[in-house]
Structures are given as structure tokens and as C-alpha cells.
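J.:
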Amino acid sequence: MKFKTKLKLKWKLVLWSTLLMMGLFLSYNLLQYFVMNSWMVRYEEQSIERKMDATQEYFSEQDNQNLSISTIKESESFLESINEKSETIRIYDRYGRSVVAVSQEEELIVTEKTVQNEQIELQKIGDDRLLVFRKPLVGTNFVGTIEIVKNLEIFDGLLEQFGMMMFLTGIGAIFLSLLGALFLSKQFLKPIQDISYTLTRIKKYGLEERVMVHQNQDEIAQLAVHFNELMDQLEESFNQQRQFVEDASHELRTPLSVLQGNLMMLDRWGKNNTEVLNKSLTSSLREVKRMNKLVKELLDLSRLDSETTNDSNITQIEPKLVIEKVINDFRLTHPDVDFNLFLADKAPIAMTESHLEQVVTILIDNAIKYSDFKSKLVIHYQSKDLETEITVQDFGIGIPKEEIPFVTNRFYRVEKSRNRKKGGYGIGLSIAQKIMDTYMGSMRIESEVGKGTSVTLTFPNPK
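Heads up, the sequence shown is in our numbering, so the first residue is 2 and it goes up one at a time.
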């Protein structure tokens with residue numbers, strides 16, 4: 002079963018970081034405490050070992066045959082000279098009876114014990130820890146044990162003070178780690194809180210709100226950047242969708258109004274008036290065709306917006322054949338237009354035939370639409386080192402320079418009334434631009450009012 006908590010992320014970070022610091026500090030202090038205790042005990046062991054060696058050396062200088070209880074007692078002055086505070090040096094006979102004992106303070110009493118071999122041990126007597134070192138003393142007339150007892154009270158006091166110091170510093174470290182965890186969690190969560198705050202403002206005020214990006218280039222800053230980029234895309238998509246709906250509604254309003262007017266005219270006068278009937282039907286049919294064209298273009302745009310191009314489905318085609326096919330169709334419907342073709346041979350591009358035909362049709366249709374009667378069009382197709390270009394040039398009315406950056410926007414018209422008379426909705430170039438973007442191509446428009454327009458499609462050469 003998972004443990005559930007209502008703690009906020011901030012307090013979870015504070016709690017876990019504080020517990021982690023406590024665990025690390027406690028482990029370090031315990032290790033330091035045991036190392037110091039071990040070092041102190043070892044230091045005292047070495048100290049009393051040196052005294053034991055000095056004592057045995059003293060007795061070895063005596064004649065073993067003369068080593069007796071009396072000579073042992075005579076060694077008391079020597080033993081007192083090497084004895085230190087909190088220490089007792091004692092010599093037992095073979096029966097465990099004390100022969101001589103020296104101590105600067107109260108004699109340290111431990112269980113009497115004779116040994117056959119060297120022995121060192123740590124005993125706990127009451128509140129004191131006693132380090133006991135025993136070694137056999139053997140002569141011709143005497144067999145006994147040398148015993149040195151060291152009280153570790155001084156070192157235990159130091160350890161106690163050290164432990165208290167570690168405890169107090171531990172409390173301080175926990176407090177500081179708590180403050181540090183609060184500060185770090187606040188700094189760490191601030192960008193996330195900014196994103197949450199921005200989402201709240203977006204819900205309240207709209208998509209134009211953005212998260213402030215901090216200077217440090219960490220993962221949270223990158224998250225804020227990606228969030229802002231996502232919001233930019235959402236806002237752009239939302240604005241395009243809103244503009245699309247507004248423009249489509251505006252464009253549909255006129256033909257629907259015309260249809261409504263014609264139907265009202267038919268209802269009032271067209272039942273018995275053939276002229277009114279024919280006029281209304283012709284006008285209605287024209288508006289229905291216009292709406293049908295508009296709906297088709299809107300569907301093309303919608304399909305292109307959601308369409309993803311699969312590279313495996315794209316084959317290399319010869320644009321010359323597609324361009325000639327489109328021109329032949331236009332020659333049938335516009336016999337007054339003079340088409341001048343300059344087409345290269347064997348210069349393939351990576352694009353579906355239907356999309357290329359659609360783009361070329363849009364460009365030629367626009368060129369004819371905004372050129373004079375019996376106009377002239379020039380179509381160039383050439384291949385360069387890294388790219389291939391298709392250029393459609395007319396000598397019509399042209400586009401003002403300040404309008405050129407906007408002509409590929411959906412429903413954009415240079416002159417609204419003129420464009421409507423020509424039968425356009427300002428969607429064709431948007432479709433062409435979208436198709437070119439799909440194939441990593443580009444579309445460049447150059448124009449001069451009164452002299453004409455040149456549109457160049459650039460395709461990267463297939464590898």
C-alpha cells in the first residue's frame with residue numbers, strides 16, 4: 002500500500018532534505034566518536050605497554066636467583082617513579098596476593114588474577130572504565146604477575162564533552178539544514194510556481210500570458226522556455242483559428258445574402274416573371290459556385306494543416322510534364338493568354354504530382370486573374386547546383402511593396418473589392434505556401450505596381 006500524504010511539494014523537499022542531512026550528520030558523528038574512542042584506548046594501551054616493558058626490564062636486571070618478595074617490595078620506589086595519575090601498578094605472587102601496589106590517588110581495585118601469558122582487557126567498574134594490563138613475572142624464587150591499571154576517566158570526560166559538542170552542533174546543523182532546505186526549495190520551486198501562476202492567469206486573462214525565464218540555463222529554465230514556446234504556438238493557432246472563422250463567416254455572409262435576396266425576389270415577383278426568374282437563378286447559381294469554391298479551398302487548407310508528409314511516399318517527378326499539362330488546360334479556358342515556356346529537361350524534384358499541379362495552377366490562375374486581356378505569361382523552370390526553381394511571371398497590375406509580406410496570409414486581399422470582382426478569396430497563395438513548407442521549399446514574391454509580379458518556387462534538389 003502506497004503512503005499518501007497531503008504535504009505540498011515544498012514541504013516534502015524540506016522534510017526529505019532535512020532528514021537526509023540529519024542521517025549524514027549522525028552517521029559522521031557516530032563514526033568520528035568511535036574512531037576517537039578507539040584512538041584514545043589504543044594510545045593508553047601503548048602507554049601502559051611501555052611502562053610494562055620498563056618494569057620487566059627493571060626486574061630482568063636483577064639476579065633471578067635473588068628475586069624474592071623482599072626485592073619485589075624494594076622496587077616500590079621505582080614503580081612510584083613511573084606511575085602516573087589515575088593509574089595503579091601492582092605485583093601479585095603466585096597465589097594472587099598483592100606484594101606491592103603504588104598509586105598517586107586511591108588505589109584502583111580490580112579482580113585479582115594471575116596469568117601465564119600477557120593479557121590486556123577493558124573493564125567496567127561502576128561508572129569508570131579501567132584498562133588492565135597483566136604480564137607474568139618469573140624468577141628462581143618468585144613467580145607472580147605484574148598488573149598495571151589505568152582509569153580512563155580523563156578520556157571519558159573528553160569523549161563526553163566531545164559527544165555533547167557533537168550533539169549541540171548537530172542541533173545547529175539540523176536548524177541550518179532546515180533553513181537551507183527552505184531556501185533551496187523556494188528557489189527550486191519558484192520557476193514551477195511561476196508556471197502555475199501563469200497558467201492561472203491564462204485561464205483568467207487569455208493566452209497572451211508568459212512565464213518569466215530566469216538567466217540560469219538549467220532544466221527548469223529550459224522548461225519555462227519550452228512552455229513559452231508552446232504557448233506561442235497555441236496562441237498563434239488560436240488566433241489563426243479565430244481569424245479563420247471570422248474571415249470564413251465574412252466571406253460566406255455575402256453569397257448567403259445574395260441567395261436570400263434572390264429567393265425573396267423569386268417569392269415576390271419571380272413566380273410569374275420569367276426575366277426575374279432567370280436573373281435570380283443565374284445570380285444564385287454563381288454564388289453557389291463561389292461558395293463551393295470557397296468551401297473547397299477551406300477544406301484544402303484544413304487538410305494541409307493536419308497532413309504529415311511521409312518521405313517514403315514521395316517520389317521524384319519531372320516538373321516539365323506537370324507544368325505542360327497545367328498550361329494545356331489553361332490554354333483551353335484562356336485562349337487569349339500568351340504562354341511563354343522555358344522548361345529544362347531531366348531536372349526532377351521530390352514532390353507528389355498532385356501537389357505540384359495544385360501549386361502551379363494557383364500561381365497561373367492568379368497571374369491571369371490580375372493581368373490585362375490578351376496578357377502574356379512567362380514560365381521558367383531551371384535546375385541549379387543545390388536547388389530547382391519554377392518562376393511564374395506576369396505583366397499585370399502588380400502588388401504594392403508594403404503588401405507583399407501579407408499576401409500569403411489566409412483571406413488577405415490587396416484590394417478587397419477588386420479581388421471579389423475577380424472571384425478570389427485570398428486563400429490560394431496560403432495553400433501554395435503551406436504546400437511548399439511541407440516539402441521544405443520556399444516561395445519568393447517580387448512585384449512592382451503597374452509592371453507585374455514574379456513568383457518563384459524553390460525546391461531543394463533530391464539527394
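Beta carbons: idealized from backbone N, C-alpha and C, even for Gly. Quantities reported herein were computed from a predicted structural model and do not represent experimental measurements.
(1) Report yes or no: do the stretch 29–46 and the stretch 156–165 share at least 3 C-beta pairs separated by less than 8 Å?
(2) Relative to the C-alpha of residue 409, which residue among 395, 401, 11 and 433 is closest?
(3) Buried or exposed, going by whether 16 or more other CB atoms sit within 10 Å of the CB of residue 367?
(4) Compute the distance between the beta-carbons of residue 68 and residue 143, then report whether it is under 8 Å.
(5) Taking only the alpha-carbon atoms, compute the straight-line gap between residue 380 and residue 358 and give it to the nearest angstrom.
(6) Using DSSP bridges, identify the partner residues of residue 139.
(7) Is residue 374 near residue 452, with beta carbons less than 8 Å apart?
(8) Just the C-alpha distance for residue 435 and residue 392, rounded to the nearest angstrom, thanks.
(9) Considering only residues of the same chain and omitting the five flanking positions on each side of residue 340, which have a CB-CB separation below 6 Å?
(10) By Cβ distance below 6 Å, which residues in the same chain neighbour residue 421 in space, the five residues on each side in sequence not counted?
(11) Please look up how many angstroms separate the CB atoms of residue 382 and residue 320, rounded, as I've assumed it's under 8 Å.
(12) Distance, Cα to Cα, residue 448 vs residue 210?
(13) In three-state DSSP terms, what is residue 444?
(14) Once you ignore the five residues that flank residue 418 on each side, which residues in its own chain have a CB closer than 8 Å to its CB?
(15) Measuring only the C-alpha atoms, how far is residue 208 from residue 288?
(16) Mark residue 134 as exposed unless 16 or more other C-beta atoms lie within 10 angstroms of its C-beta, in which case mark it buried.
(17) Any chance the CB of residue 29 is under 7 Å from a heavy atom of the ligand HEM?
(18) Quick test of your reading: residue 260 and residue 238, contact by CB under 8 Å. State the CB separation rounded to the nearest angstrom.
(19) Output the distance between the C-alpha atoms of residue 297 and residue 440, rounded to the nearest integer angstrom.
(20) Compare the Cα-Cα distances from residue 479 to each of 407, 455, 195 and 291 and report the closest residue.
(21) Residue 174 lies in the alpha helix (DSSP H); which residues open and close that run?
(22) Compare the C-beta of residue 185 against all C-beta atoms of chain C and say whether one is closer than 8 Å.
(23) Restricting to runs no shorter than 3 residues, where is the beta strand (DSSP E) found entirely within the stretch 15–72?
(24) Beta carbon of residue 249, beta carbon of residue 299: below 8 Å?
T.: Taking the definition as stated:
(1) They touch, by the three-pair rule.
(2) Closest in alpha carbon position to residue 409, among 395, 401, 11 and 433, is 433.
(3) Result: buried.
(4) Going by C-beta atoms, residue 68 is nearer than 8 Å to residue 143.
(5) Those two C-alpha atoms are separated by around 14 Å.
(6) Beta bridge pairing from DSSP links residue 139 with 144.
(7) Taking 8 Å as the Cβ cut-off, residue 374 and residue 452 do not qualify as a contacting pair.
(8) Taking C-alpha positions only, residue 435 is separated from residue 392 by approximately 17 Å.
(9) Excluding residues within five positions, the ones whose Cβ falls inside 6 Å are 328 and 378.
(10) Confidence at residue 421 is low in this model, with a pLDDT of 47, below 50, so its placement is unreliable and no value can be given for it.
(11) Indeed they touch by this definition, with Cβ atoms about 6 Å apart.
(12) One C-alpha to the other measures close to 38 Å.
(13) Looking at residue 444 - three-state DSSP - the assignment turns out to be strand.
(14) At residue 418, the pLDDT of 42 sits below 50, so the modelled position is not reliable and the matter cannot be decided from this model.
(15) The alpha-carbon atoms of residue 208 and residue 288 are separated by roughly 37 Å.
(16) Buried, since its Cβ has 16 or more Cβ neighbours within 10 Å.
(17) This structure lacks the ligand HEM, and indeed carries no ligand of any kind.
(18) With 8 Å as the limit, residue 260 and residue 238 do not qualify as a contact, their Cβ atoms being about 32 Å apart.
(19) If you draw a straight line from the Cα of residue 297 to the Cα of residue 440, it is about 22 Å long.
(20) Residue 479 lies beyond the range of the chain shown here (2 to 464); nothing can be said about it.
(21) For residue 174, the enclosing alpha helix (DSSP H) stretches over residues 154–206.
(22) Any reference to chain C falls outside this structure, which holds one protein chain only.
(23) Taking only runs of at least 3 residues, no beta strand (DSSP E) segment lies wholly in the stretch 15–72.
(24) In contact: residue 249 and residue 299 (Cβ atoms closer than 8 Å).
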